[in-house]
Amino acid sequence: MPHHEFDCSKVIPERKQHAVVKGEGEDLTSCLPKGYLNTIPGSISERGCAYCGAKHVIGTPMKDVIHISHGPVGCTYDTWQTKRYISDNNNFQLKYTFATDVKEKHIVFGAESLLKQNIHEAFDAFPEIKRMTIYQTCATALIGDDINAVADEVMAERPDVDIFVCNSPGFAGPSQSGGHHKINIAWLNQKVGTVEPEITSDYVINYVGEYNIQGDQEVMQDYFKRMGIQVLSTFTGNGSYDELRGMHRAHLNVLECARSAEYICDELRARYGIPRLDIDGFGFKALGDSLRKIGLFFGIEDRAEAIIAAETARWKPELDFYAARLQGKRVCLWPGGSKLWHWANAIQEEMGVKVVSVYTKFGHQGDMEKGIARAGVGTLAIDDPNELEGQEALLRLKPDVIFTGKRPGEVAKKMRVPYLNAHAYHNGPYKGFEGWVRFARDIYNAVYSPMHQLSGIDISKDDYATDKGFVTRRMLSDATLPEADRASPLTGYTGKFDPIAALRAKTEADYPEFARKTSTQAAE
Amino acid sequence: MAGFKKEKPSARANYPKLHASDPLAGFDAATREKVSEMETYIMKNCLWQFNSRGWDRRKQNEGILGKTAQLLVGEEVQNETPLDKCYWVDAVLLSRAFREHCVWLAGMGKDEVLALLKILHARIDWLTIDGSLNEELTVQNY
Chain R
1 MPHHEFDCSK VIPERKQHAV VKGEGEDLTS CLPKGYLNTI PGSISERGCA
51 YCGAKHVIGT PMKDVIHISH GPVGCTYDTW QTKRYISDNN NFQLKYTFAT
101 DVKEKHIVFG AESLLKQNIH EAFDAFPEIK RMTIYQTCAT ALIGDDINAV
151 ADEVMAERPD VDIFVCNSPG FAGPSQSGGH HKINIAWLNQ KVGTVEPEIT
201 SDYVINYVGE YNIQGDQEVM QDYFKRMGIQ VLSTFTGNGS YDELRGMHRA
251 HLNVLECARS AEYICDELRA RYGIPRLDID GFGFKALGDS LRKIGLFFGI
301 EDRAEAIIAA ETARWKPELD FYAARLQGKR VCLWPGGSKL WHWANAIQEE
351 MGVKVVSVYT KFGHQGDMEK GIARAGVGTL AIDDPNELEG QEALLRLKPD
401 VIFTGKRPGE VAKKMRVPYL NAHAYHNGPY KGFEGWVRFA RDIYNAVYSP
451 MHQLSGIDIS KDDYATDKGF VTRRMLSDAT LPEADRASPL TGYTGKFDPI
501 AALRAKTEAD YPEFARKTST QAAE
Chain C
1 MAGFKKEKPS ARANYPKLHA SDPLAGFDAA TREKVSEMET YIMKNCLWQF
51 NSRGWDRRKQ NEGILGKTAQ LLVGEEVQNE TPLDKCYWVD AVLLSRAFRE
101 HCVWLAGMGK DEVLALLKIL HARIDWLTID GSLNEELTVQ NY
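Chains as they are written, first to last, in full-length UniProt numbering: chain R, 1 to 524; chain C, 1 to 142.
1. Could you check whether the stretch 425-434 of chain R touches the stretch 406-414 of chain R, counting it as contact only if at least three pairs of C-beta atoms, one from each stretch, sit closer than 8 Å?
2. Closer than 7 Å by C-beta to LYS414 of chain R: which residues in its own chain qualify, once you throw out the five before and the five after it? Chain order, please.
3. Indicate whether at least one CB of chain C lies closer than 9 Å to the CB of GLY273 of chain R.
4. Comparing alpha-carbon positions, which option in C:PHE98, C:LEU47, C:THR128 lies nearest CYS31 of chain R?
5. To the nearest angstrom, how far is it from the Cα of ARG486 of chain R to the Cα of SER477 of chain R?
6. Would you verify that the beta carbon of LEU232 of chain R is, or is not, closer than 9 Å to some beta carbon of chain C?
7. Just verifying my parser: in three-state terms, what is the DSSP assignment at HIS4 of chain R?
8. Using only CA atoms, which one of R:GLY435, R:GLN217, R:LEU255, R:HIS180 lies nearest to residue 536 of chain R?
9. Could you check how far apart the C-beta atoms of TYR87 of chain C and ILE64 of chain C are, in whole angstroms? I think they sit under 8 Å.
10. Using the beta-carbon count (16 or more within 10 Å), is ILE459 of chain R buried or exposed?
11. If the cut-off is 8 Å on Cβ atoms, which residues from the stretch 361-372 of chain R count as contacting chain C, listed in chain order?
12. Decide if the stretch 327-344 of chain R is in contact with the stretch 354-364 of chain R; the criterion is three or more beta carbon pairs, one per stretch, under 8 Å apart.
13. Which residue wins for smallest C-alpha separation from PRO61 of chain R, given the options R:ALA172, R:PHE92, R:CYS49?
14. Express the C-alpha separation of ALA111 of chain R and GLN217 of chain R in angstroms, rounding to a whole number.
15. Quick check: is the beta carbon of residue 144 of chain C nearer than 9 Å to any beta carbon in chain R?
16. Kindly indicate if chain R contains any beta-carbon less than 9 Å away from that of THR128 of chain C.
17. Look up ALA99 of chain R in the DSSP assignment and say whether it is helix, strand or coil.
18. Express the C-alpha separation of ALA446 of chain R and LEU454 of chain R in angstroms, rounding to a whole number.
19. Could you name the residues of the same chain whose beta carbon sits closer than 6 Å to that of ASN51 of chain C, not counting the 5 residues immediately before and after it, in chain order?
20. Under 8 Å Cβ-Cβ, which residues of chain C neighbour ARG374 of chain R?
21. SER69 of chain R by DSSP, collapsed to three states: which one?
22. Would you list the one or two residues that DSSP bridges to MET132 of chain R?
23. Could you tell me whether the Cβ of PHE235 of chain R comes closer than 9 Å to any Cβ of chain C?
24. Check whether the Cβ of HIS4 of chain R lies closer than 9 Å to any Cβ atom in chain C.
25. With DSSP run on the structure shown, which of helix, strand or coil describes ASN238 of chain R?
26. Using 9 Å as the limit for Cβ to Cβ distance, is ARG292 of chain R near chain C?
27. Residues of the stretch 111-142 of chain C with a CB closer than 8 Å to any CB of chain R: list them in chain order, please.
28. Which residue comes first and which comes last in the alpha helix (DSSP H) that contains TRP334 of chain R?
29. Inspect the CB distances between the stretch 64-71 of chain R and the stretch 172-187 of chain R and report whether three or more fall short of 8 Å.
30. Mind checking which residues open and close the beta strand (DSSP E) that includes LEU277 of chain R?
31. Kindly say whether TRP55 of chain C, judged by its beta-carbon, lies nearer than 9 Å to any beta-carbon of chain R.
32. Name the chain R residues that come within less than 7 Å of LEU93 of chain C, Cβ to Cβ?
33. Among R:PHE497, R:LEU388, R:LYS398, which residue has its Cα nearest to the Cα of GLU5 of chain R?
34. Contact criterion: CB-CB distance below 9 Å. Does ILE279 of chain R meet it with respect to chain C?
35. Within 10 Å of its beta-carbon, does THR494 of chain R have 16 or more other beta-carbons around it, so buried, or fewer, so exposed?
36. Below 8 Å on C-beta distance, what does LEU83 of chain C contact in chain R?
Below you can see the structure in the form of structure tokens.
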């Protein structure tokens with residue numbers, strides 16, 4: 001096993017099991033770090049907790065819901081709106097967050113009455129919202145508050161409301177991934193099957209593991225609607241509480257982030273026989289293949305091909321502009337979980353960058369299998385890294401850019417490594433054909449921004465040129481470009497600052513109308 | 001929905017091992033090269049081989065690679081259940097990719113293709129199940 005031992009972690013010898021370098025001839029039977037284990041004492045992890053995984057990642061993107069944390073206000077603040085999962089109802093779930101504000105006296109005397117009071121106050125304050133999710137936290141779990149009983153009482157008193165209880169306190173798993181699992185299964189057990197949805201198409205999917213970061217879900221939903229597919233629910237980005245109660249009536253579960261949402265897909269398959277189809281919404285080839293697969297499943301591949309052809313013709317030249325300028329740029333691909341495998345191959349194949357390291361904060365060994373399989377020889381793969389390891393890796397690998405979360409991202413910036421937000425994006429959406437060009441544009445801007453050169457100059461000490469003007473990113477990126485690429489009429493991204501507004505402005509009349517099958521055709 | 005038998009978690013987690021060592025090891029260099037090309041395409045572009053549990057991977061590999069072999073030799077594929085259809089969807093994409101990237105397939109006879117796909121199937125089972133270092137493959141529940 002080609003383990004990698006960080007100098008900074010020699011005092012924590014167990015850490016050696018959590019990092020590998022993919023060598024020539026290595027495969028998954030000889031090269032895989034440990035994963036999804038409790039963080040080793042002494043290693044300052046960058047992980048979140050199981051409450052955060054349940055609420056922040058999966059629960060809160062549901063848009064028409066009062067999301068209330070039963071616990072100290074700090075838990076709520078830490079999970080409030082730091083991820084840009086927007087929604088088409090004026091971002092209700094981003095703008096408002098609720099907590100019961102548990103304090104020491106409640107720990108002594110109990111907090112159930114406080115919870116009940118808060119639930120009523122929240123429903124009274126927002127009378128148009130009739131749905132609520134209550135999240136357990138460490139403090140209220142430890143004192144044994146019975147949230148389900150309180151929720152039942154309120155639902156009896158207010159027959160027009162419905163409440164979902166998510167019992168995933170922070171300590172309920174090694175990382176946020178434990179919370180993903182708990183909320184998946186809890187939603188399935190408590191809510192799926194409690195609403196019968198209206199079926200409006202012969203082709204009905206649940207779009208699962210998609211969180212509408214800066215509009216990703218809305219981009220993909222537009223493709224599906226152009227194919228005549230009904231998106232019965234999205235789990236959970238821009239998703240509606242009641243639509244998600246009807247997941248059991250879909251014909252197919254289309255799974256994007258298997259790390260956070262494979263559990264509900266697998267259980268929907270086991271309990272309702274709905275198949276699971278894994279897709280990649282990132283990258284021209286992967287996205288094209290994904291739309292083709294869904295089209296094939298329903299016998300409407302021609303509709304997928306029409307979209308792929310139109311979108312590729314529109315956006316591929318602009319992707320090529322960036323790809324010519326990003327060849328060989330070294331990337332540390334350090335996201336939370338699924339993007340390490342969603343992006344590892346696509347950015348190398350379609351943008352020409354070189355992935356020199358992958359890491360995951362909360363991924364399992366299965367995620368590392370996918371990531372290592374898609375990465376090249378020499379890639380350093382790290383599970384649950386601590387900050388010192390991250391710094392040591394950056395010094396050793398000297399990447400041109402790092403894709404990661406905002407906490408390690410700020411560390412990278414201080415080390416003068418450009419950083420792109422892999423979780424909430426910089427200028428997303430990044431899904432879809434246009435989105436992939438926006439991602440390439442952001443990478444290009446990160447790598448070539450003159451700010452990074454200027455930031456290395458200490459004007460009180462260093463010699464620096466005073467007779468030269470400000471360099472532009474084009475001067476930096478095109479200096480060594482082959483003549484043919486420099487002479488090419490291709491330009492970078494020409495889309496709008498906000499591509500989502502146009503999608504939201506669409507009406508049903510803007511989508512093609514496909515005739516429904518007759519009952520005889522459907523039976524065949 | 002028809003076609004799905006619910007299994008007991010403990011039973012499905014105790015799936016038998018099919019390969020104790022790399023099944024590709026004993027083959028000649030030309031065969032290894034061909035299987036390697038197909039394996040690389042799968043590993044770089046596909047996700048179906050990485051469902052989270054070993055018993056599930058066994059079904060995925062068998063369903064998709066079995067149908068891929070049928071498609072490559074022109075056999076009719078039966079899709080009796082939605083799950084079968086889901087395997088078939090991935091198999092169609094994979095067979096198209098193999099035809100495009102592995103041009104030598106066109107010069108092989110039906111039996112040769114089937115034999116090669118059998119070796120590929122064994123190799124993917126080895127990488128993702130029997131030789132895998134993933135300690136979560138035998139967890140009983142999802």
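Just so it is clear, CB atoms sit at the ideal spot from N, CA and C, and this is done for glycine as well.
Note that this is a predicted model, so its numbers are computed, not measured.
For this structure:
1. no
2. To locate residue 414 of chain R, count along the first sequence from 1; it is residue 414. Cβ within range, chain order: n/a, list empty.
3. Position 273 of the first sequence, counted from the start, is the residue given in the question as residue 273 of chain R. So yes, GLY273 of chain R belongs to the interface.
4. As a first step, residue 31 of chain R must be located in the first sequence, where it is residue number 31. Cα-wise, what sits closest to CYS31 of chain R is C:THR128.
5. Walking along the first sequence from the start, residue 486 of chain R turns up at place 486. Walking along the first sequence from the start, residue 477 of chain R turns up at place 477. One C-alpha to the other measures close to 10 Å.
6. By one-based count along the first sequence, residue 232 of chain R stands at place 232. It does not: the Cβ of LEU232 of chain R has no partner Cβ on chain C nearer than 9 Å.
7. Locating residue 4 of chain R in the first sequence gives position 4, where the first residue counts as 1. HIS4 of chain R: coil per DSSP, three-state reduction.
8. Past the edges of chain R, shown from 1 to 524, lies residue 536 of chain R, and the structure says nothing about it.
9. Stepping through the second sequence from its first residue, residue 87 of chain C is reached at position 87. Stepping through the second sequence from its first residue, residue 64 of chain C is reached at position 64. Confirmed, about 5 Å.
10. Taking the first residue of the first sequence as 1, we reach residue 459 of chain R at position 459. Exposed.
11. HIS364, GLN365, GLY366, GLU369, LYS370
12. yes
13. Sequence index remark: in the first sequence, residue 61 of chain R carries index 61 (1-based). The shortest C-alpha separation from PRO61 of chain R is found at R:PHE92.
14. Indexing the first sequence from 1 puts residue 217 of chain R at position 217. Indexing the first sequence from 1 puts residue 111 of chain R at position 111. Taking the straight line from one Cα to the other gives about 37 Å.
15. Because chain C is modelled from 1 through 142, residue 144 of chain C falls outside the range shown and cannot be assessed.
16. Indexing the second sequence from 1 puts residue 128 of chain C at position 128. THR128 of chain C counts as touching chain R.
17. For the purposes of this step, residue 99 of chain R is identified with residue 99 of the first sequence, where counting begins at 1. Of the three classes helix, strand and coil, the one that applies to ALA99 of chain R here is strand, per DSSP.
18. Locating residue 454 of chain R in the first sequence gives position 454, where the first residue counts as 1. Locating residue 446 of chain R in the first sequence gives position 446, where the first residue counts as 1. Cα to Cα, LEU454 of chain R sits roughly 13 Å from ALA446 of chain R.
19. Numbered from 1 along the second sequence, position 51 holds the residue referred to as residue 51 of chain C. Within the same chain, ASN51 of chain C has close Cβ partners ARG57, GLN60.
20. Along the first sequence, one-based indexing puts residue 374 of chain R at 374. Neighbours of ARG374 of chain R on chain C, chain order: MET43, LYS44.
21. For the purposes of this step, residue 69 of chain R is taken as residue 69 along the first sequence, with counting starting at 1. Residue state, collapsed to three classes: strand.
22. Counting from one through the first sequence, the residue named residue 132 of chain R turns up at place 132. R:ILE66, R:ILE163, per the DSSP bridge assignment.
23. On the first sequence, position 235 is the one that residue 235 of chain R refers to. Judged by the 9 Å Cβ criterion, PHE235 of chain R is not in contact with chain C.
24. Locating residue 4 of chain R in the first sequence gives position 4, counting from the first residue. HIS4 of chain R does not count as touching chain C.
25. Here the question's residue 238 of chain R lines up with position 238 in the first sequence. Note: ASN238 of chain R maps to coil in three-state DSSP.
26. Here residue 292 of chain R refers to the residue found at position 292 when the first sequence is read from its first residue. Judged by the 9 Å Cβ criterion, ARG292 of chain R is in contact with chain C.
27. TRP126, LEU127, THR128, GLY131, SER132, LEU133, ASN134, GLU135, GLU136, TYR142
28. Here residue 334 of chain R refers to the residue found at position 334 of the first sequence. That residue, TRP334 of chain R, is in no alpha helix (DSSP H); its beta strand (DSSP E) goes 330-334.
29. no
30. In the first sequence, residue 277 of chain R corresponds to position 277, counting from 1. Per DSSP, LEU277 of chain R belongs to the beta strand (DSSP E) from 276-278.
31. Start at 1 with the first residue of the second sequence, and residue 55 of chain C comes out as number 55. No, because no Cβ of chain R sits closer than 9 Å to the Cβ of TRP55 of chain C.
32. Taking the second sequence and counting its residues from 1, one reaches residue 93 of chain C at position 93. By Cβ distance, chain R contributes ASP289, ARG292, LYS293.
33. As a position in the first sequence, residue 5 of chain R is number 5, starting the count at 1. It is R:LEU388 whose Cα lies nearest to the Cα of GLU5 of chain R.
34. Position 279 of the first sequence, counted from the first residue, corresponds to residue 279 of chain R. So yes, ILE279 of chain R belongs to the interface.
35. Along the first sequence, one-based indexing puts residue 494 of chain R at 494. Counting Cβ neighbours within 10 Å, THR494 of chain R comes out exposed, since fewer than 16 surround it.
36. In the second sequence, residue 83 of chain C corresponds to position 83, counting from 1. Going along chain R in sequence order, the residues near LEU83 of chain C (Cβ under 8 Å) are ARG269, GLY273, PRO275.
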